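Asker: The structure's right below; bear with me while I get my questions together.
Protein chains: 2
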Amino acid sequence: MAVTIKDVAKKAGVSPSTVSRVLSNHPRISRETTRKVKEIMEEMGYHSNIMARSLVSNKTYTLGMVLPRPAEELFQNQFFAENIRGITTQASRNGFDVLMTAGHSEQDELEAVTRLVKGRRVDGIILLQSRKNDPIIVFLKKEEFPFILIGHYGDDDILCVDNDNIQASFDATMHLISQGHERIGFVSGPPNLTVSQDRLEGYRKALAENGLRMLSEWIVEGEFLQESGYRAMSFFMNLPERPTALVVIDDIVTFGILRGLTELGFKVPQDLSLVSFNNITLAELSSPPLTSIDIGIYQLGYMASQLLIRQIQGDKPQLLRTIVPHRLFVRESSLNLKRNWS
Amino acid sequence: MAVTIKDVAKKAGVSPSTVSRVLSNHPRISRETTRKVKEIMEEMGYHSNIMARSLVSNKTYTLGMVLPRPAEELFQNQFFAENIRGITTQASRNGFDVLMTAGHSEQDELEAVTRLVKGRRVDGIILLQSRKNDPIIVFLKKEEFPFILIGHYGDDDILCVDNDNIQASFDATMHLISQGHERIGFVSGPPNLTVSQDRLEGYRKALAENGLRMLSEWIVEGEFLQESGYRAMSFFMNLPERPTALVVIDDIVTFGILRGLTELGFKVPQDLSLVSFNNITLAELSSPPLTSIDIGIYQLGYMASQLLIRQIQGDKPQLLRTIVPHRLFVRESSLNLKRNWS
DNA sequence: CTGAAAGCGCTTACAG
DNA sequence: CTGAAAGCGCTTACAG
Numbered sequence: 001m002a003v004t005i006k007d008v009a010k011k012a013g014v015s016p017s018t019v020s021r022v023l024s025n026h027p028r029i030s031r032e033t034t035r036k037v038k039e040i041m042e043e044m045g046y047h048s049n050i051m052a053r054s055l056v057s058n059k060t061y062t063l064g065m066v067l068p069r070p071a072e073e074l075f076q077n078q079f080f081a082e083n084i085r086g087i088t089t090q091a092s093r094n095g096f097d098v099l100m101t102a103g104h105s106e107q108d109e110l111e112a113v114t115r116l117v118k119g120r121r122v123d124g125i126i127l128l129q130s131r132k133n134d135p136i137i138v139f140l141k142k143e144e145f146p147f148i149l150i151g152h153y154g155d156d157d158i159l160c161v162d163n164d165n166i167q168a169s170f171d172a173t174m175h176l177i178s179q180g181h182e183r184i185g186f187v188s189g190p191p192n193l194t195v196s197q198d199r200l201e202g203y204r205k206a207l208a209e210n211g212l213r214m215l216s217e218w219i220v221e222g223e224f225l226q227e228s229g230y231r232a233m234s235f236f237m238n239l240p241e242r243p244t245a246l247v248v249i250d251d252i253v254t255f256g257i258l259r260g261l262t263e264l265g266f267k268v269p270q271d272l273s274l275v276s277f278n279n280i281t282l283a284e285l286s287s288p289p290l291t292s293i294d295i296g297i298y299q300l301g302y303m304a305s306q307l308l309i310r311q312i313q314g315d316k317p318q319l320l321r322t323i324v325p326h327r328l329f330v331r332e333s334s335l336n337l338k339r340n341w342s
Numbered sequence: 001m002a003v004t005i006k007d008v009a010k011k012a013g014v015s016p017s018t019v020s021r022v023l024s025n026h027p028r029i030s031r032e033t034t035r036k037v038k039e040i041m042e043e044m045g046y047h048s049n050i051m052a053r054s055l056v057s058n059k060t061y062t063l064g065m066v067l068p069r070p071a072e073e074l075f076q077n078q079f080f081a082e083n084i085r086g087i088t089t090q091a092s093r094n095g096f097d098v099l100m101t102a103g104h105s106e107q108d109e110l111e112a113v114t115r116l117v118k119g120r121r122v123d124g125i126i127l128l129q130s131r132k133n134d135p136i137i138v139f140l141k142k143e144e145f146p147f148i149l150i151g152h153y154g155d156d157d158i159l160c161v162d163n164d165n166i167q168a169s170f171d172a173t174m175h176l177i178s179q180g181h182e183r184i185g186f187v188s189g190p191p192n193l194t195v196s197q198d199r200l201e202g203y204r205k206a207l208a209e210n211g212l213r214m215l216s217e218w219i220v221e222g223e224f225l226q227e228s229g230y231r232a233m234s235f236f237m238n239l240p241e242r243p244t245a246l247v248v249i250d251d252i253v254t255f256g257i258l259r260g261l262t263e264l265g266f267k268v269p270q271d272l273s274l275v276s277f278n279n280i281t282l283a284e285l286s287s288p289p290l291t292s293i294d295i296g297i298y299q300l301g302y303m304a305s306q307l308l309i310r311q312i313q314g315d316k317p318q319l320l321r322t323i324v325p326h327r328l329f330v331r332e333s334s335l336n337l338k339r340n341w342s
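Each protein sequence line maps, in turn, to chains X and D.
FYI, the numbering for the first sequence is 1 to 342, going by the UniProt record's numbering.
FYI, the numbering for the second sequence is 1 to 342, going by the UniProt record's numbering.
In structure tokens, the structure reads:
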């Protein structure tokens with residue numbers, strides 16, 4: 001069996017209480033005792049049993065996270081790895097681990113969260129996505145359990161870290177307008193995600209402020225998948241009056257659009273200019289390189305971890321909503337070369 | 001406070017022991033009692049405290065995993081998300097969660113694993129990478145703690161799930177040979193990773209079996225980064241006698257090569273044919289599309305989870321080393337078009 | 001089929 | 001500065 005606090009106590013000639021106090025750096029233990037106990041712990045290879053400690057202290061030093069479902073797979077492949085790295089790195093720095101669980105349906109996910117929360121398995125939950133009327137959020141609020149959302153949830157007063165997606169999308173659209181475009185389309189993601197809604201709003205705002213036409217047929221909804229881009233592309237290119245530029249919800253979707261355009265013999269940016277979001281590594285490498293808005297994925301994760309841990313430790317957050325800044329990277333896919341569309 | 005087994009017992013008019021037995025589906029409990037207790041658990045919103053349960057049963061139903069360090073970042077971004085999804089999905093199906101921790105140095109990583117193992121925080125460990133003389137593996141073997149390696153570790157008798165990377169690389173090289181190439185180079189990864197060594201070996205074997213020349217200057221080592229590809233490319237293209245085709249350790253590295261070639265005005269596959277590994281989503285989308293060997297990343301994770309859980313549950317594995325099959329996807333980057341190199 | 005009791009490895013008032 | 005004792009929420013022989 002593993003070495004316990006008792007074994008150490010016996011060998012050191014002190015009580016288990018004392019060993020426990022040494023472990024938690026209790027102030028009223030003599031230097032000499034501390035030194036001796038630590039030496040013996042080292043010698044015996046003692047490691048405190050986390051389950052036991054957590055049972056009595058009611059703290060787990062663990063953050064919980066639910067893996068998004070496969071539907072969002074491609075989007076997540078890019079987003080997710082960076083995000084997780086941010087979350088886990090910051091958690092580790094603060095002595096926290098990250099527990100992942102997966103659900104195959106919305107119901108599964110809720111059950112998984114319930115198990116983690118009610119089973120006192122984690123001290124807080126990080127949500128990677130925000131849907132409309134998310135039952136998980138409803139549950140966590142009801143339980144008053146610490147959690148943080150990457151994204152936001154209506155105007156609700158919950159702790160979250162987010163981009164200003166309205167502004168980001170406004171910026172993306174303005175960039176196209178500044179390149180001389182007047183017919184600009186929008187390729188959106190699943191309409192129940194707040195990120196889709198916000199970016200659509202920013203796009204609309206930019207068009208409105210510039211007195212540009214806003215046709216409903218220039219807005220297409222889809223998934224975070226290449227196929228969605230491909231489909232949107234063929235829809236747009238068959239319109240009698242087609243847009244000359246698109247704002248696209250995600251780089252992956254843009255890759256689908258690009259592929260379709262290449263197959264049909266269209267050129268980017270000459271026939272269609274493109275701006276998208278997320279600035280994944282490969283945005284820069286595609287041909288042409290993609291103009292994309294970097295949303296600071298790593299930082300989103302990092303901040304989420306940080307703020308949640310503070311909340312767990314009882315700090316009152318100054319702001320409920322933390323904004324991670326975005327930045328537009330202009331590349332060839334949106335540069336005003338010789339245009340075919342004039 | 002949360003509802004405990006005692007609360008349920010009191011309300012149901014039975015002893016805590018009985019409630020516990022209902023919880024674990026003990027066979028000798030009457031239907032009637034079971035029904036009643038379950039009803040009350042439901043009614044009170046009871047969820048068993050995982051820490052307490054795990055303290056006494058000495059089982060955590062958790063698999064541990066150490067996040068690879070940032071050095072391998074880009075490689076991992078692609079690999080990792082798929083892999084984790086495989087691991088977590090299969091773990092969840094079996095009632096296990098996955099605990100992640102991060103280390104910033106080899107020393108950190110070892111400490112993290114020690115903490116998980118000695119602190120009885122997890123029932124088994126999944127290692128995502130195999131280095132030469134990995135101290136973590138040495139530690140786990142010494143502790144006789146259940147673990148599984150994605151990859152392999154020399155010829156050691158440890159549980160692992162792996163590709164046949166020698167054969168895969170042999171296949172990749174043979175494909176180039178079948179396209180008429182005689183001067184074939186190899187862009188490798190970090191030399192201390194077994195995956196680098198195996199793929200190099202497969203490449204050499206194919207050249208040897210076909211009596212092709214094997215110049216040491218046609219082999220370049222690097223990281224799983226675009227920059228490595230870029231550098232390898234400029235090295236190769238400045239050789240007096242340069243290869244006409246390359247086998248490349250990873251798609252990301254190939255993207256770097258592609259970018260460099262494009263900048264210099266070279267064409268793929270005409271000036272240089274390319275085959276690489278991993279077949280990430282974007283391999284298909286690059287221009288030209290990349291020929292790549294799919295190594296079944298999701299399946300690697302899935303199998304690892306499955307086999308580790310079996311091991312934890314005491315099943316003797318039939319085979320220590322499980323091979324996930326690979327498959328070559330031939331695309332334009334290696335097709336024999338009009339060649340410039342003849 | 002069910003209960004009382006001991007115990008998993010730790011923490012923490014209470015007392016000295 | 002340190003120890004004895006109670007207790008965190010559960011499981012599991014032992015006894016009936």
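Beta carbons are placed, not taken as given, at the ideal position from N, Cα and C, and that holds for glycine.
Predicted model only: the values in this text are computed from it and were never measured.
1) Suppose you measure from the CA of V98/X to the CA of G86/X; what does that come to, to the nearest Å?
2) Which chain X residues sit within Cβ distance under 7 Å of D271/D?
3) When burial is assigned at 16 or more other CB atoms within 10 Å of the CB, is G45/D buried or exposed?
4) Using a Cβ-Cβ cut-off of 7 Å (strictly less than) and excluding sequence neighbours within five positions of L264/D, which residues of its own chain qualify?
5) Taking the continuous beta strand (DSSP E) assigned at residue 414/D, which residues delimit it?
6) Closer than 8 Å, CB to CB, is N49/X near chain D or not?
7) Under 8 Å, do D198/D and I166/D count as touching if we go by C-beta distance?
8) Let me know the secondary structure DSSP gives M214/X once reduced to three states.
9) Would you identify the three-state DSSP class for V3/X, choosing helix, strand or coil?
10) Note down, in chain order, every chain X residue with its Cβ under 7 Å from the Cβ of G301/D.
11) May I ask you to list the residues that DSSP assigns as paired with R327/D?
12) Restricting to Cα atoms, I'd like to know which of L212/D, L246/D, K316/D, G154/D is closest to D134/D.
13) Which residues does DSSP list as the beta-bridge partners of F277/X?
14) From T194/X to S130/X, what distance separates their C-alpha atoms?
15) So, are the CB atoms of I50/X and L308/X less than 8 Å apart?
16) Contact defined as beta carbons within less than 8 Å: I believe F186/D pairs with L246/D. What is the distance between those atoms, to the nearest angstrom?
17) Run through chain D and tell me which residues come within less than 9 Å of D123/X, C-beta to C-beta.
18) Could you give the residue range of the beta strand (DSSP E) that holds I150/D?
19) Threshold first: 3 residues or longer. Then list the beta strand (DSSP E) segments lying entirely within the region 115-154 of chain X, N to C.
20) Pull up the CB-CB distance for residue 387/D and N83/D, whole angstroms please, since I reckon it's below 8 Å.
21) Of all Cβ atoms in chain X, is any one closer than 8 Å to the Cβ of V98/D?
22) Return the chain-ordered list of same chain residues with a C-beta closer than 8 Å to the C-beta of S15/X, the five sequence neighbours on each side being excluded.
23) Answer yes if the region 303-322 of chain X comes into contact with the region 91-110 of chain X, meaning at least three C-beta pairs across the two stretches below 8 Å, and no otherwise.
24) Identify every residue that forms a DSSP beta bridge with R321/D.
25) Classify V56/X: buried if its beta carbon has 16 or more other beta carbons within 10 angstroms, exposed otherwise.
26) Apply the 10 Å Cβ neighbour rule to E109/D and answer buried if 16 or more other Cβ atoms are within range, or exposed otherwise.
27) With a cut-off of 8 Å, does the C-beta of G185/X fall near any C-beta of chain D?
28) Ignore the nearest five residues each way along the sequence and tell me which others in L176/X's own chain have a CB closer than 8 Å to its CB.
29) Quick check: is the beta carbon of R242/D nearer than 8 Å to any beta carbon in chain X?
30) Please work out which residues of its chain come closer than 6 Å, Cβ to Cβ, to residue 343/D, disregarding the five sequence neighbours upstream and downstream, and give them in chain order.
31) Please list the partners that T114/D has in chain X, where partner means a Cβ-to-Cβ separation under 8 Å.
32) Kindly list, in the order they appear in chain X, the residues whose Cβ is closer than 7 Å to that of T291/D.
33) Rounded to the nearest angstrom, what separates K316/X and S305/X at their Cα positions?
34) Can you confirm whether L67/X, when its beta carbon is compared against all beta carbons of chain D, has any partner nearer than 8 Å?
35) In this structure, how does DSSP classify G222/D when only helix, strand and coil are distinguished?
36) Could you check the C-alpha separation between L159/X and F266/D for me, to the nearest Å?
Answerer: Per the coordinate set shown:
1) 11 Å
2) Under the 7 Å cutoff, chain X gives no residues; its nearest Cβ is about 16 Å from D271/D.
3) exposed
4) M237
5) With chain D represented from 1 up to 342, any question about residue 414/D goes unanswered, as that position is not in the structure.
6) yes
7) D198/D is a Cβ neighbour of I166/D, given a cutoff of 8 Å.
8) Correct three-state label for M214/X: coil.
9) coil
10) Neighbours of G301/D on chain X: none; closest Cβ ~12 Å, over 7 Å.
11) D294/D
12) The option with the nearest alpha carbon to D134/D is G154/D.
13) I293/X
14) 6 Å
15) no
16) 7 Å
17) Here the premise fails: no neighbours, minimum Cβ distance about 12 Å.
18) 147-150
19) 124-127, 147-150
20) Here chain D covers residues 1 to 342 and nothing more, so residue 387/D does not appear.
21) yes
22) A9
23) yes
24) Answer is C160/D.
25) exposed
26) With 16 or more Cβ atoms within 10 Å of its Cβ, E109/D is classed as buried.
27) no
28) Hits under 8 Å: I184, A245, V247, S273, V275, S334.
29) no
30) Not covered by the structure: residue 343/D. The range shown for chain D is 1 to 342.
31) Neighbours of T114/D on chain X, chain order: H47.
32) Near T291/D there are no residues of chain X at all, since even the closest Cβ is about 17 Å away, more than 7 Å.
33) So the two alpha carbons sit approximately 15 Å from each other.
34) yes
35) coil
36) Note on geometry: alpha-carbon atoms of L159/X and F266/D lie some 52 Å from one another.
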